[in-house]
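The structure appears right after this line, and notes come after that.
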Amino acid sequence: MAAESPLWRKAFDGVERRIGAPLENATSSADFQVFSLKVGRVKKAVIAPVEAVVGFGLHLVGIPSHAEVRVLRRDLIKVQRELLAMRREQAVTERESTDSE
C-alpha cells in the first residue's frame with residue numbers, strides 16, 4: 014500500500030489546483046507579455062542612471078562597482094575553465110606517456 018502524502022504536499026497541491034490554471038492563462042496572454050516587456054524597459058531606464066551615479070561614487074572612494082565585479086567574476090570563471098581544461102589535457106598526456114613506457 015502506498016504511503017499517504019504529507020500534509021504540506023496536500024496543501025501545496027490544493028493551492029496549485031485553485032490558482033494554477035488562472036495564473037497560467039494570465040501569464041500566457043499577450044497583454045501580460047506586453048506589460049512584462051514595458052516593466053523591463055522602465056526598470057532598465059531607472060537602474061542604468063542610478064548604477065552610473067553609484068559606480069562613480071564608489072570609484073571616488075576606491076571601491077569597484079557592481080558592474081566591474083560582474084566582469085571580474087566572468088573573467089575568473091573563464092580562467093578557471095581554461096585551467097581545468099589544461100589540467101585534464103596534462104593528465105591525458107601523462108597517462109599516454111606512462112602507457113608508452
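Last residue of the sequence shown: 114 in our numbering, with the numbers rising by one and none dropped. Glycine residues also receive a C-beta, built at the ideal position from the N, C-alpha and C atoms.
Does DSSP put Ile32 in a helix, a strand or coil?
Taking the sequence shown and counting its residues from 1, the one referred to as residue 32 is at position 19. Helix.
Suppose contacts are defined by Cβ-Cβ distances below 9 angstroms. Is Pro77 in contact with Leu71 by that definition?
Taking the first residue of the sequence shown as position 1, residue 77 is located at position 64. Taking the first residue of the sequence shown as position 1, residue 71 is located at position 58. Yes. Within cutoff.
Cβ distance (whole Å) where Phe80 is taken to contact Gly68 below 8 angstroms
In the sequence shown, residue 80 corresponds to position 67, counting from 1. In the sequence shown, residue 68 corresponds to position 55, counting from 1. In the sequence on display, residue 80 carries Ala and not Phe. Rounded, the Cβ-Cβ distance is 6 angstroms, consistent with contact.
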